[in-house]
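Visitor: Questions regarding the structure given below will be posed in turn.
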Amino acid sequence: MTEEKPICVGVVGCGQFMSRQHIQTVARSPLLKLQHVADLDRRKLGAIAERYHPIRSTTDWRNVVADPEVDVVVVGVLPQLHPEIARAAIQSGKPVYVEKPLAETPAECLAIQRMASERGLPVAVGFNRRFAPATQWLRTAFRAASGPVSIVYRISDDDRIRPPDQKWKLECRLLIEVVHVFDLLAYLLQAEPVSIEARETRFNDTMVLVEFDGGSRAVIHSSSWGSLAQPKERLEAVLDRGSVEMVDFVEFRSYGVPGVPELARFAGRPYDGCDNRHVDDFARRGLEAMLEMRQRYHAAMEQSGVLADSSNEQAWAEARRMLGDPPLPQINYASDKGWGQALEHFCQAIAEGRTPENAGAVDGNRATACAVAGRKSIQLGRPVELNPAD
Ligand SMILES: NC(=O)c1ccc[n+]([C@@H]2O[C@H](COP(=O)([O-])OP(=O)(O)OC[C@H]3O[C@@H](n4cnc5c(N)ncnc54)[C@H](O)[C@@H]3O)[C@@H](O)[C@H]2O)c1
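Read left to right, the sequence shown gives residues 2 to 391 (our numbering).
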């Protein structure tokens with residue numbers, strides 16, 4: 002344990018993501034203390050209180066923001082609530098870490114950006130992939146490329162798995178999911194997107210062409226029509242007479258790129274109460290281990306009946322039985338996408354009076370602007386230009 006006073010964290014939202022990620026990060030970190038948690042749902046609050054013993058729990062997020070003991074506010078609820086909660090935290094003089102998307106419109110992002118900069122307070126947006134161990138090698142490889150580069154990025158899921166209370170995530174994949182990719186690409190390229198052209202093959206099955214200043218281009222395939230048995234994300238980039246591939250943050254490969262390994266594999270992320278054998282297995286066997294885990298997860302969801310009807314409680318009970326005791330973790334959380342490092346870095350930087358290196362409000366604004374432009378492009382059937390100065 003550190004001798005220093007821990008950083009007291011207030012958490013707004015105890016849903017499926019927050020309970021597995023940021024709350025567990027805070028609970029595990031000797032630097033951080035779980036001071037105050039909020040959720041409208043008393044059952045979820047109770048489960049968090051029982052396991053993680055926050056000092057306070059509340060159904061009103063305003064109590065978290067107003068708590069004088071809270072040093073940093075972490076927000077992850079429904080995206081339409083993020084701007085109001087973020088602004089209230091800044092108003093109370095507290096740094097705030099907001100899950101993606103920062104807001105549903107660039108105007109709301111800009112309002113948060115301006116308010117934070119007027120008050121000199123840091124805002125982080127939960128673009129955790131910047132902090133994933135696999136991203137570090139991508140970043141090194143991209144830095145070494147001198148000219149424009151071409152990227153193909155697939156991010157796909159089988160959204161039949163979403164239970165009824167998670168269906169809100171299906172509304173606009175560009176805003177809920179692909180914002181991660183818009184941010185990661187801008188970060189790797191250190192370039193601003195200038196034009197977006199998107200076409201939808203069917204609902205939430207979208208091809209997006211992003212053009213960046215400096216001439217780099219990316220094609221992003223985002224789909225909710227994929228399979229849980231397939232790794233969710235894959236990046237391929239052709240650099241200067243060399244290329245890189247990254248699969249689901251578990252494996253990185255390079256071809257003819259100096260200064261980076263030809264093959265690197267990354268440990269998985271552990272979860273409380275789960276079978277965590279994947280952590281070392283991913284580090285040792287990489288993609289092969291992930292494919293085995295995904296096949297097992299997919300089989301449980303299919304054979305239990307969850308994929309046929311995700312509102313069927315009995316099917317979920319059967320799926321849980323098939324996932325073992327302790328169970329496999331949620332499959333999209335098995336690899337290390339940098340969630341813990343991103344939040345810990347933000348809190349530590351604040352404690353030490355440094356500027357955090359997280360994605361900030363400007364980055365949140367850019368990613369939301371890309372999502373909104375993508376939707377507009379689908380409606381108009383033509384490319385939509387983005388103005389990096391906005
Ligand atoms: N960074 C990532 O990789 C990642 C992954 C998944 C989700 N997320 C983001 O995290 C956030 C939460 O996602 P989730 O999966 O936990 O969603 P969820 O639907 O499981 O949980 C949302 C929670 O918000 C609570 N809530 C709703 N209104 C509230 C209010 N007024 N006050 C307090 N609580 C309220 C609900 O009761 C629910 O528990 C979203 O913004 C989502 O986009 C990020």
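The C-beta atom is built at its ideal place from N, Cα and C for all residues, glycine as well. Since this is a predicted model, take the numbers as computed values, not measurements.
Determine the direct distance from the alpha carbon of Gly47 to that of Arg278, and round the result to whole angstroms.
Guide: 28 Å
Visitor: If I follow the unbroken alpha helix (DSSP H) through Lys45, where does it start and stop?
Guide: The continuous alpha helix (DSSP H) containing Lys45 extends over residues Arg43 to Tyr53.
Visitor: Quick one: what does DSSP say Lys34 is sitting in, helix, strand or coil?
Guide: Lys34: strand per DSSP, three-state reduction.
Visitor: Cutting at 8 Å between CB atoms, please list the residues of its own chain near Phe18, excluding the five before and the five after it.
Guide: Gly77 and Glu100
Visitor: What first and last residue would you give for the alpha helix (DSSP H) that runs through Ala112?
Guide: Pro107 to Arg120
Visitor: Ignore the nearest five residues each way along the sequence and tell me which others in Phe143's own chain have a CB closer than 6 Å to its CB.
Guide: Leu189
Visitor: Let me know the alpha helix (DSSP H) ranges lying completely inside the stretch 142 to 209, each 4 residues or longer, listed in chain order.
Guide: 180 to 190
Visitor: Spatial neighbours of Trp226 within its chain, please: C-beta separation below 6 Å, excluding the five flanking residues on both sides.
Guide: Cβ within range, chain order: Asp206.
Visitor: Excluding five sequence neighbours on each side, which residues of the same chain lie with their C-beta closer than 6 Å to the C-beta of Gln22?
Guide: Trp340
Visitor: Where Gly260 and Ala133 are concerned, what is the direct C-alpha to C-alpha distance, given to the nearest angstrom?
Guide: 19 Å
Visitor: DSSP state of Arg270, grouped into three classes?
Guide: coil
Visitor: Does DSSP classify Cys15 as helix, strand or coil?
Guide: In the three-state reduction of the DSSP assignment, Cys15 falls in the coil class.
Visitor: Between Ala219, Leu292, Arg130 and Ala104, which lies nearest to Glu1 when the distance is taken from Cα to Cα?
Guide: Because the chain in this structure spans residues 2 to 391, residue 1 falls outside the shown range and cannot be described.
Visitor: I'd like the list of long-range same chain contacts for Met2, defined as Cβ closer than 6 Å, with 5 residues on each side in sequence excluded.
Guide: With a pLDDT of 42 at Met2, under the threshold of 50, the modelled position of this residue cannot be trusted, and the question is left open.
Visitor: Report all residues from its chain with a CB closer than 8 Å to the CB of Pro164; omit the five preceding and five following residues, and keep chain order.
Guide: Ser311, Ser312 and Trp317
Visitor: When DSSP builds the beta bridges, which residues end up paired with Ser244?
Guide: Val239 and Tyr256
Visitor: Can you give the Cα-Cα distance for Ser377 and Glu105, rounded to whole angstroms?
Guide: Note that residue 377 is Lys in the sequence shown, not Ser. Going from the Cα of Lys377 to the Cα of Glu105 covers about 14 Å.
Visitor: Could you say which of Gly287, Ile177 and Gln231 lies nearest to Ile268 if we only look at CA atoms?
Guide: It is worth fixing the name first, because residue 268 is Ala in this sequence and not Ile. With distances taken between CA atoms, Ala268 lies nearest to Gly287 out of Gly287, Ile177 and Gln231.
Visitor: Exposed or buried, which one is His54 when buried takes at least 16 other CB atoms within 10 Å?
Guide: exposed
Visitor: Within this structure, are the beta carbons of Val180 and Ile156 separated by less than 8 Å?
Guide: no
Visitor: Leaving out five residues before and five after Asp184 in sequence, what residues of the same chain have Cβ atoms less than 6 Å from its Cβ?
Guide: Phe128, Ala360, Asp364 and Ala368
Visitor: By Cβ distance below 7 Å, which residues in the same chain neighbour Val153 in space, the five residues on each side in sequence not counted?
Guide: Excluding positions up to five away in sequence, the list reads Val220 and Glu237.
Visitor: Should Asn388 be labelled buried (16 or more other beta-carbon atoms within 10 Å of its own) or exposed?
Guide: Answer is exposed; the Cβ neighbour count stays below 16.
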